[in-house]
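K.L.:
This is the structure I want to talk about, given as structure tokens.
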Amino acid sequence: MPEYEFREMYVARGVSRKEATRLLTDEAEYGHWELDRVRLYADGSRRVRLRRRIIRQVRATW
Numbered sequence: 004m005p006e007y008e009f010r011e012m013y014v015a016r017g018v019s020r021k022e023a024t025r026l027l028t029d030e031a032e033y034g035h036w037e038l039d040r041v042r043l044y045a046d047g048s049r050r051v052r053l054r055r056r057i058i059r060q061v062r063a064t065w
């Protein structure tokens, strides 16, 4: 079972959809995050949860 680490982000209601897309694209491209969940609230704000896989290296035993 893969392990993930999560990051919560809050996008204010004044941020346009295009700006939010650019922000999330930058996080995905440079931080290797992927979109896990978006929750849109009635006031127009968004709570975004990003995730990325934790890769553990196995020690070499010689």
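Per the working numbering, residue 4 is the first one in the sequence shown, and the count goes up by one each step.
Idealized CB from N, CA, C, for every residue including glycine.
What residues in its chain sit with their C-beta under 7 Å from that of R52, if we drop five residues either side in the sequence?
P.N.:
For the purposes of this step, residue 52 is taken as the residue at position 49 of the sequence shown. Same-chain partners within the cutoff: F9, E11, D39, R40.
K.L.:
What residue range is occupied by the uninterrupted alpha helix (DSSP H) comprising D39?
P.N.:
As a first step, residue 39 is located in the sequence shown; it is residue number 36 there, counting from the start. Note, D39: premise wrong, no alpha helix (DSSP H); beta strand (DSSP E) at 37-43.
K.L.:
CA-CA distance, G17 and Y7?
P.N.:
Locating residue 17 in the sequence shown gives position 14, where the first residue counts as 1. Locating residue 7 in the sequence shown gives position 4, where the first residue counts as 1. Cα to Cα, the separation comes out at about 30 Å.
K.L.:
For a test of the three-state rule: what should DSSP assign to R59, helix, strand or coil?
P.N.:
Within the sequence shown, the letter at position 56 stands for residue 59. R59: coil per DSSP, three-state reduction.
K.L.:
Between R49, H35, A45, which lies nearest to I58 when the distance is taken from Cα to Cα?
P.N.:
The count along the sequence shown starts at 1 and reaches residue 58 at position 55. The candidate whose alpha carbon is nearest that of I58 is H35.
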